[in-house]
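**Student:** Its first residue numbered 0, the sequence shown is counted upward by one per residue in numbering that gives the first Met the number 0.
Think of the CB as a built atom: it goes at the ideal place given N, C-alpha and C, for glycine as much as any other residue.
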Amino acid sequence: MTAVVLAVLSSIAYALAALQQRTAAVADKRLLRQLRRPEWLLSVALLSAGGALHGAALHFGAITLVQPLGALTLVFAVPLAAWRQRRGLARNEVLGVVAAVIGLTTFLALTRPTGPGHALDTPKSGVVTLVVLALLGMIWLARHAVGPAQGVCFALAAGTASATASMFTQAVLAGGRWQSVVPVLVAMVAFSLLGMLFSQLSYRNSFSAPMATATVTNPVASAALGVLVLGEQASSGTAQTSVGLAAAVLAAAGIVLLARSRAVTMTAR
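1) Cβ of A160 within 8 Å of Cβ of L193?
2) Give every residue of the same chain whose Cβ lies closer than 7 Å to the Cβ of A319, excluding the five residues on either side of it in the sequence, and list them in chain order.
3) Indicate, with yes or no, if the ligand HEM has a heavy atom lying under 7 Å from the CB of T72.
4) Please classify L129: is it buried, with 16 or more other beta-carbons within 10 angstroms of its beta-carbon, or exposed?
5) What three-state label does DSSP hand F75 in the structure shown?
6) Identify, in the order they occur along the chain, each residue of the same chain with its Cβ nearer than 8 Å to the Cβ of A251, setting aside the five sequence neighbours on each side.
7) Give every residue of the same chain whose Cβ lies closer than 7 Å to the Cβ of A220, excluding the five residues on either side of it in the sequence, and list them in chain order.
8) May I ask you to report which of helix, strand or coil DSSP gives A2?
9) Quick one: is L257 buried, meaning 16 or more other Cβ sit within 10 Å of its Cβ, or exposed?
10) A89 lies in the alpha helix (DSSP H); which residues open and close that run?
11) With DSSP collapsed to three states, give me the class of G60.
12) Identify the continuous alpha helix (DSSP H) that holds R32 and give its terminal residues.
13) Where does G230 fall in DSSP's three states?
14) At a cut of 8 Å, does the stretch 24-37 reach the stretch 130-144 through at least three beta carbon pairs?
15) Kindly list the residues whose CB is nearer than 7 Å to the CB of M187, restricted to its own chain and excluding five residues on each side of it in sequence; keep chain order.
16) Taking 7 Å as the limit between beta carbons, can you name the residues of its chain near P78, skipping five residues before and five after?
17) Quick check: the stretch 34-51 against the stretch 10-26, are there 3 or more CB pairs under 8 Å?
18) What do you reckon, are the CB atoms on T72 and L155 nearer than 8 Å?
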């Protein structure tokens with residue numbers, strides 16, 4: 000329960016940070032100037048607070064439990080954006096929130112994660128770092144081919160980098176000899192910074208599509224890393240898997256509705 004509460008508070012901080020990042024991105028298209036704006040500096044403070052809460056949540060719960068709650072970032076962003084615009088929520092926004100919350104709640108109820116079976120050693124940390132960096136490099140190159148959808152590519156990279164940072168955070172919390180913890184800690188910081196920069200780049204031309212992409216990518220990549228790298232396990236069984244998949248589809252449908260909402264698309268106003 001503690002992990003869930005901390006993860007929800009983290010999502011609120013991330014939602015506020017995203018709104019500030021979008022404001023900075025709209026104010027100036029050049030990244031270096033965006034990074035000097037007060038809105039971006041405020042977003043960094045909010046992201047730091049969200050990261051601290053997220054790390055605390057990982058201390059009390061496994062990554063496969065904590066990370067799916069990151070999808071609530073978009074859920075909170077919608078009413079916050081509407082409040083900034085001094086208006087009420089539209090019907091599709093309410094439906095999106097309800098679908099996302101029910102889907103996530105059902106998914107979490109059917110998932111019984113366990114913590115990592117072992118701490119990451121230096122060789123494995125290096126391999127994971129190189130693989131993820133290669134993936135981010137391919138996404139960076141692919142952005143030229145997609146044209147107007149560059150924001151989605153950047154958001155995909157942001158979600159992947161942030162998920163990797165969360166995986167390394169979980170590994171640091173798992174403990175181990177300092178010789179193995181230090182490289183993991185360095186990787187955690189590096190991928191956190193990469194996630195922040197890719198996120199800022201994704202908001203230059205739009206807000207809704209990049210935010211929805213990062214919201215979906217983050218928990219999916221985190222779950223994959225948690226199982227493949229950290230040795231975490233989730234509950235199995237045909238019935239549970241089927242219902243879990245249906246719940247995931249419902250949550251994704253809610254996220255799509257929210258991504259298309261007027262509140263999210265107009266936050267720059």
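**Tutor:** With the given structure in hand:
1) The beta carbons of A160 and L193 sit closer together than 8 Å.
2) Because residue 319 is not part of the residues shown, which for the chain are 0 to 268, the question remains open.
3) By its list of ligands, the structure shown contains no ligand whatsoever, and the ligand HEM lies outside what it can speak to.
4) Classification of L129: exposed, given that the 10 Å Cβ count is below 16.
5) The answer is helix: DSSP assigns F75 an H, G or I state.
6) Excluding sequence neighbours, A251 sits near G102 and V215.
7) Cβ neighbours of A220 beyond the five flanking positions: G158, T159 and A162.
8) Correct three-state label for A2: helix.
9) Classified as buried, L257 has 16 or more neighbouring CB atoms from the shown chains inside 10 Å of its CB.
10) Segment: none, A89 is in no alpha helix (DSSP H) and carries neither H nor E.
11) Coil, per DSSP.
12) Segment L30 to Q33, the alpha helix (DSSP H) holding R32.
13) Secondary structure of G230 (DSSP, three-state): coil.
14) No: the two stretches stay apart, fewer than three of their Cβ pairs being nearer than 8 Å.
15) Taken in chain order, the residues that qualify are A164, F167, T168 and V171.
16) Excluding sequence neighbours, P78 sits near L88.
17) In short, these stretches touch, since the Cβ pair count reaches three.
18) Taking 8 Å as the cut-off, the Cβ atoms of T72 and L155 do not count as close.
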